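Residue numbers are given in the UniProt record's numbering: position 19 of the sequence shown equals residue 19, and the series is strictly consecutive. By construction, the Cβ of each residue, glycine as well, lies at the ideal position given by its N, Cα and C atoms. None of these values were measured; they are calculated from a predicted model.
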Amino acid sequence: MSSNGKLDGFDRKILACVQENGGIGPSELSTMIHLSPAQCSRRLQRLKDEGYVEKIAGILARPRLNLNVSSYIIVKIKDHGADTETRFKQLVDALPEVTSCEYIAGDADYILRVVTRDLESYSEFISNKLMVGGDIVSIRSNIILKGMKQTTALPLDYC
1 MSSNGKLDGF
11 DRKILACVQE
21 NGGIGPSELS
31 TMIHLSPAQC
41 SRRLQRLKDE
51 GYVEKIAGIL
61 ARPRLNLNVS
71 SYIIVKIKDH
81 GADTETRFKQ
91 LVDALPEVTS
101 CEYIAGDADY
111 ILRVVTRDLE
121 SYSEFISNKL
131 MVGGDIVSIR
141 SNIILKGMKQ
151 TTALPLDYC
């Protein structure tokens, strides 16, 4: 890390490598960024400790897991009272089909990313899991027909 507290070039290279391959070891990292394995290990641990790396996870192949339908669901809730928002958050947290939920600005309140086995299970998810409790006023489904770009990598040019 540079003396002004910002990430230096080596830190950014480490973060870029970890984004590409979370299971990379210090020896491989050392070869890629031209620092010793010990320095790579120390820097990566510091980046984790300082919160730059929240979590290292594997990306699973949806088709191999028979998860063939992916969609975005735009949700409008009945009001923004604390109770309604708490219930909605608890509902979303309890649904493994929901892989992300974002609070959005505009004419709706939330956007959910959802994965299911097929259209039948998607329909069951909507009717029997998502639209329970009466807090949701409306939803708009957007089935993903073909993925164009999907990454978990963040741009590192801004740090």
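- Burial of Glu97 is indicated by the presence of at least 16 other C-beta atoms within 10 angstroms of its C-beta.
- Secondary structure at Arg140: strand, using DSSP grouped into helix, strand and coil.
- Non-local beta-carbon contacts of Ser27 in its own chain, meaning distances under 7 Å to residues more than five positions away in sequence, involve Pro37 in chain order.
- Nearest in C-alpha terms to Asn66, of all of Arg117, Ala57, Arg12, is Arg117.
- When Ser30, Arg43, Ser70, Ile33 are compared, the shortest CA-CA separation from Tyr122 is found for Ser70.
- Counted as a single uninterrupted DSSP element, the beta strand (DSSP E) harbouring Val69 occupies residues 69-77.
- Excluding residues up to 5 positions away in sequence, Ile73, Val98, Cys101 lie with their Cβ nearer than 6 Å to the Cβ of Leu112 in the same chain.
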